[in-house]
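Everything below concerns the one structure shown next.
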């Protein structure tokens, strides 16, 4: 039988048995808490992605909360609901796109301005695809939130001022600048929506062809165009 030494513990064969070392306690993992501003940015990014993927109607607060790994009340606390989150996301995208296009318009020649505007829009589509998808989707019914159409209207107003001065110098009616600016911006915008899905050819080629159509059409405008069908009557 093992001998027992009251002072040192049990011994085996005259040798003291070594007691097993106590297991090291696992250090508690410290969870980094986000500040209110960080959490808000996280929720905006999450909402942006979900609205781009699913649209406003198909996205729920539950999905936003689950993807952000927070509870639903956290989302309500920051935005008041899905409509509030959507409004913030869209407002940011509207300002980002408009700023990008406005900043790009630096040239003095009208043709270069057309090139810069087309490249700015296509660049936004290429680099901020989720944001563009949010903008081109339908806004919720009865919402006062800005959307892609409102951005394009703002851009058209800038183009209108450029065309107005150009038309006046060429003897055309400057009142028609608004009509032509809407047509030009609409052409670029609709082409951009198409290019969003196909991504071919490369954006520089798309921009070059858009400007080719727009500029060569503008440079050979008839002062008072009429419809061919009307001439045959």
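In this note's numbering, the protein residues as written are 2 to 234. Don't be surprised by glycine CBs; every beta carbon is placed ideally from N, CA and C. Note that the structure is predicted; figures quoted are calculated from it, not measured.
Would you grab the beta carbon distance between residue 126 and residue 218 for me? Rounded to a whole angstrom, and I think it's under 8 Å.
23 Å between Cβ atoms; not a contact.
Exposed unless 16 or more other CB atoms sit within 10 angstroms - verdict on residue 47:
buried
How many Å lie between residue 176 and residue 60 at the Cα?
44 Å
Would you please state the rounded distance, in angstroms, between the beta carbons of residue 119 and residue 199? I believe it to be under 8 Å.
Between residue 199 and residue 119 the Cβ distance is about 16 Å, and since that is not below 8 Å, they are no contact.
I'd like the list of long-range same chain contacts for residue 195, defined as Cβ closer than 6 Å, with 5 residues on each side in sequence excluded.
none
Starting from the N-terminal side, write out each stretch of the alpha helix (DSSP H) that is 4 residues or longer and does not extend beyond the stretch 86-138.
111-128, 130-137
With burial defined as no fewer than 16 other Cβ atoms inside 10 Å of the residue's Cβ, what is the status of residue 83: buried or exposed?
buried
Given residue 172, which residues of its chain have a CB within under 8 Å of its CB, disregarding the five upstream and five downstream residues?
224
Using DSSP with H/G/I as helix, E/B as strand and the rest coil, what is residue 174?
coil
DSSP three-state label for residue 202, please.
coil
Does DSSP put residue 154 in a helix, in a strand, or in coil?
helix
Given a threshold of 16 other Cβ atoms within 10 Å of its Cβ, counted over all protein chains shown, does residue 164 qualify as buried or as exposed?
buried
What are the boundary residues of the alpha helix (DSSP H) that includes residue 38?
37-59
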